[in-house]
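K.L.:
The structure's right below; bear with me while I get my questions together.
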Amino acid sequence: MDGRLMKLLNIFVSALAHLYLSSLLIDIIIPAFNLNSSAIEAVIGAAIEQLNYTDGRVAYEEAIGYYATLVNINEGHPEQGNSVFLDYKMKDTHYLILPQLLTWVLYNGIINNTTINRFLDMRARLQPNYTYRVLLDKNVHYIMNTSQAFAQNPASYRNLARIEQGISVGNWHGSNVGISWGSYSVDNSTALQPAALRAIADLATLGVLNNSLEPIVRGRYLAT
1 MDGRLMKLLN IFVSALAHLY LSSLLIDIII PAFNLNSSAI EAVIGAAIEQ LNYTDGRVAY
61 EEAIGYYATL VNINEGHPEQ GNSVFLDYKM KDTHYLILPQ LLTWVLYNGI INNTTINRFL
121 DMRARLQPNY TYRVLLDKNV HYIMNTSQAF AQNPASYRNL ARIEQGISVG NWHGSNVGIS
181 WGSYSVDNST ALQPAALRAI ADLATLGVLN NSLEPIVRGR YLAT
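The numbering of the sequence shown is this note's numbering, which starts it at 1 and goes up by one.
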């Protein structure tokens, strides 16, 4: 591929990554065009940057500019003006970072522990008090905490990965119509949540996450 085109693609992906996490970019576009590691870091890093430090949830989109003003008013915070509003209501988004990180670690030919540790030790620009590793750890605990009820009692449907209480949506691809205005989407409970748990165990085995997490996740969560 022409070097100038490759450079433009890298710039495009890096810029786009600061708006939202796109599995499409990681799974299809980046491999197809053989984009370098910095482009993948930009995509994953952008999602980690906007991770909620308080509870470990991942923002599925952001409101900026004049639209942020409208959203902030509707949310009861007009004093925020046009400050960026991060939306955390989509349940499926919370499960995406860890599997994508695992995919990068396992299938990118140039990746190694030095590269991944350098990436995770970067200080977040939007939350400069924390490194990517600290923020990612919050998401790990979110996944484990919200999976605990089902691990303890898988016989009850109430322990599945339901959408947030009081919110009518929670699955980006199906929204409220796609899940028939229900509370439990199939992909959240049967695909995305288990994938996130397996990613925690595999990343722990590889030494990217704390090694002690591997037997806990495999024995307590994935055994059910």
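For each residue, glycine too, the CB sits at the ideal point set by N, CA and C. Note that this is a predicted model, so its numbers are computed, not measured.
Determine the direct distance from the alpha carbon of A39 to that of S189, and round the result to whole angstroms.
P.N.:
Approximately 30 angstroms between the Cα atoms of the pair.
K.L.:
Could you pull out every unbroken alpha helix (DSSP H) segment of at least 4 residues lying fully inside the stretch 107-178, listed in chain order?
P.N.:
Segments of the alpha helix (DSSP H) lying fully in the stretch 107-178: 113-120, 132-152, 175-178.
K.L.:
Between which two residues does the beta strand (DSSP E) holding L86 run?
P.N.:
Counting along the chain, the beta strand (DSSP E) containing L86 begins and ends at 85-87.
K.L.:
With DSSP collapsed to three states, give me the class of E75.
P.N.:
DSSP places E75 in coil when its eight states are reduced to three.
K.L.:
For M41, write down the residues that DSSP places opposite it in a beta bridge.
P.N.:
According to the sequence as given, residue 41 is Glu; it is not Met. E41 is not bridged to any residue.
K.L.:
For N113 and L197, I'd like the C-alpha separation in whole angstroms.
P.N.:
Approximately 21 angstroms between the Cα atoms of the pair.
K.L.:
In this structure, what does DSSP give as the bridge partners for E49?
P.N.:
Answer is none; E49 lacks a bridge partner.
K.L.:
Per DSSP, what kind of secondary structure is Y60 in: helix, strand or coil?
P.N.:
Here Y60 sits in coil by DSSP.
K.L.:
For I200, is the classification buried or exposed, using 16 other Cβ atoms within 10 angstroms of its Cβ as the cut-off for buried?
P.N.:
Buried: at least 16 other Cβ atoms inside 10 Å.
K.L.:
To the nearest angstrom, report how far apart T54 and I116 are at their CA atoms.
P.N.:
Using only the alpha carbons, I get a separation of about 24 angstroms.
K.L.:
Nearest CA to the CA of N129: which residue from V71, I44, E49?
P.N.:
The candidate whose alpha carbon is nearest that of N129 is E49.
K.L.:
Can you give me the start and stop residues for the alpha helix (DSSP H) that D202 sits inside?
P.N.:
Per DSSP, D202 belongs to the alpha helix (DSSP H) from 193-205.
K.L.:
Just to confirm my understanding: we take T131, look at its own chain, exclude 5 residues before and 5 after, and list those with CB closer than 6 angstroms. What are they?
P.N.:
Correct list, in chain order: D121, R123.
K.L.:
Inspect the beta-carbon positions of R220 and A151 and report whether they are closer than 8 angstroms.
P.N.:
Contact: yes.
K.L.:
Is the distance from the Cβ of A223 to the Cβ of L213 below 8 angstroms?
P.N.:
Cβ distance not < 8 angstroms, so A223 and L213 don't count as in contact.
K.L.:
In the DSSP assignment, what are the bridge partners of Y184?
P.N.:
Paired residue(s): R162.
K.L.:
Could you check whether G56 and N139 sit closer than 8 angstroms to each other, using their CB atoms as the reference points?
P.N.:
Cβ distance < 8 angstroms, so N139 and G56 count as in contact.
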